[in-house]
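First residue of the sequence shown: 188, per the numbering used here; consecutive thereafter.
Beta carbons are placed, not taken as given, at the ideal position from N, Cα and C, and that holds for glycine.
What you are looking at is a predicted structure, and each value in this text was computed from that prediction instead of being measured.
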Amino acid sequence: MVYLAVLVLTLRVSIILLNVSSLFIYMRRPTRTSRFTTLAVVFVTHILCSSGSLLCYVTVILDQHFYIVDSDPAVAAIDVTVYLVEFVPIIACAVLALDRVLVLALPLGYGLWRIGHKLAVLITGFEIGIATILYSGPWVFPEDAVHTEGVILNIAFPLALFFETVMYAVFIFFLRLHHKRVSNTLTPENKQTNHIVLFQAIIHTLLSTIPNAVSSASALLDKKSDILNSIIDHVLLCSYVSITLISIFTLYKLLPRKVSVTVVSGSDKSVTS
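Printed below as a string of structure tokens:
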């Protein structure tokens, strides 16, 4: 289906542009705290993974005409990339949700112990490590490449989705608990990030986690129907749509707001923006 491939490519390009814009605004915001946070890592992860996905698509298209991929390890590396660009963002988003849980659960210790910075370093190291292992595998052990892809697809990916869903549930629980007890202890930046993660939790669960769960359950139970087949065929597209919507909302939340100042002088009032 050509239209589906074009739509996926369009969504990937949109994700790159949106996250580049968000990262640019995020890095330029006036704050005394570190800009190397889990949210910044999520931006970079989406940019790199979407770029990797685009590179794979372009390589496959060119290979159909010019046969530029002439080795089994190269083919395996492309296949690994296809799985990796879906797996890594899930882990990054799950750690972002964990970061928000710790902000709500440990409001004093979070900044004192620089938990956000440590989580950003942790997820960056994980992404570099997993990418190094998976990309070196097809070249060092070509015969194990198919097995590696199977492990990512059948074990790591569902576990990552499960971990992400659990983190979203815990985050929502702590967010509700926080609003019941106190309302003004969080900084505007923390409130902004909480809104982003809450929107992310809702959209990604509805458009990515549930379709993937339906697809996995259908394969496990060997159940087929027109509705199930339609869901399975569009699982990847739903995932890209969810990331695009989340990226749009994130950019919207990060855009600077005009601040209105009211100056009162006697009976006269003037408003400047």
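query, result
"Mapping the DSSP letters down to three states, classify residue 374 as helix, strand or coil.", "coil"
"Taking Cβ to Cβ, would you say residue 429 is nearer than 8 angstroms to residue 390?", "yes"
"Please give me, in chain order, every unbroken run of the beta strand (DSSP E) with length at least 3 that falls completely inside the segment 245-324.", "none"
"Using the rule of at least 16 other Cβ atoms within 10 Å of the residue's Cβ for burial, across every protein chain shown, is residue 319 buried or exposed?", "exposed"
"For a test of the three-state rule: what should DSSP assign to residue 442, helix, strand or coil?", "coil"
"On the three-state DSSP scale, how would you describe residue 421?", "coil"
"Using only the alpha-carbon positions, how far apart do residue 392 and residue 205 sit?", "21 angstroms"
"In this structure, does DSSP put residue 380 in helix, strand or coil?", "helix"
"Closest by CA to residue 289, which one among 357, 348, 269, 222?", "357"
"Reducing DSSP to helix, strand and coil, say where residue 405 ends up.", "helix"
"Taking all protein chains shown into account, do 16 or more other C-beta atoms lie within 10 angstroms of the C-beta of residue 147, making it buried, or fewer, making it exposed?", "Nothing about residue 147 can be read from this structure; the chain reaches only from 188 to 460."
"Of the choices 252, 364, 322, whose alpha-carbon is the least far from that of residue 272?", "322"
"Should the segment 208-217 be regarded as contacting the segment 294-302, the criterion being three or more beta carbon pairs within less than 8 angstroms?", "no"
"Can you list, in chain order, the residues of its chain with a C-beta nearer than 7 angstroms to that of residue 384? Leave out the 5 residues immediately preceding and following it.", "283, 284, 287, 358"
"DSSP three-state label for residue 223, please.", "coil"
"Should residue 267 go down as buried or exposed, given a rule of 16 or more other Cβ atoms within 10 Å for buried?", "buried"
"So for residue 217, helix, strand or coil by DSSP?", "coil"
"Taking the alpha helix (DSSP H) that residue 347 falls in, what are its first and last residues?", "344-368"
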